[in-house]
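Participant: Add 60 to a position in the sequence shown, counting from 1, and you land on the number used in this note's numbering.
For every residue, glycine included, the Cβ atom is placed at its ideal position computed from N, Cα and C.
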Amino acid sequence: WRGFGKVHRMNSKSTDGETVYTFFVEVGREGYESFQLVQNADLSRIIHPDRPVTIPGSTSRVLVSSIDQVRQDLVWALGIEKASSTGDIYKVEVVVRGDVVMSVSWSVLEDAPPKDREIFGSL
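Here it is, written out as structure tokens:
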């Protein structure tokens, strides 16, 4: 994810048949950030919503496309639903059961993220 130029590993925690993947995103000068997911660094497995999603946790169908078939406007976009400022940091959570993405949500952090977590931002 991230500008279709770089893939980053997410942190994960598994419990009760579900895995929660997390990552942190810093808002750049545009005032928002958008992303798609790549399963196991395999560019034939780009995970994205069926429409642009700007509200955290909102319902959408999740699709899987290859890099040559995916539309760059089918993204999850944070910072649009409320006015975000450059430097705001969001925590993104992706809940997966088996190979199925159950939900994607995000929230702005009030405190600093854990020191052992990488923060991603604009390209």
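Closest to Gln99 by C-alpha separation, out of Pro112, Val87 and Val122, would be which residue?
Facilitator: Position 39 of the sequence shown, counted from the start, is the residue given in the question as residue 99. Minimum Cα distance to Gln99 is reached at Val122.
Participant: Within the same chain, show all residues whose beta-carbon is closer than 6 Å to that of Ile169, passing over the 5 residues directly before and after it, in chain order.
Facilitator: Working through the sequence shown from its first residue, we reach residue 169 at position 109. The sequence given here has Leu at residue 169, not Ile. Around Leu169: Ile149 and Lys151.
Participant: Between which residues of its own chain and Ser125 is the CB-CB distance below 6 Å, once the five residues before and five after are set aside?
Facilitator: For the purposes of this step, residue 125 is identified with residue 65 of the sequence shown, where counting begins at 1. For Ser125, where only same-chain residues beyond five positions count, the Cβ hits under 6 Å are Ile106.
Participant: If I measure Cβ to Cβ from Val118 and keep anything under 7 Å in the same chain, skipping five residues before and after, which residues do I get?
Facilitator: Position 58 of the sequence shown, counting from 1, holds the residue named residue 118. Per the sequence presented here, residue 118 reads as Ser, with Val not at that position. Excluding sequence neighbours, Ser118 sits near nothing in its chain.
Participant: My output table needs one value for Ala172: the three-state DSSP class, helix, strand or coil.
Facilitator: Start at 1 with the first residue of the sequence shown, and residue 172 comes out as number 112. If DSSP states are grouped into helix, strand and coil, Ala172 belongs with coil.
Participant: When DSSP labels each residue in this structure, what does Ala143 get in the three-state scheme?
Facilitator: For the purposes of this step, residue 143 is identified with residue 83 of the sequence shown, where counting begins at 1. Coil at Ala143, not helix or strand.
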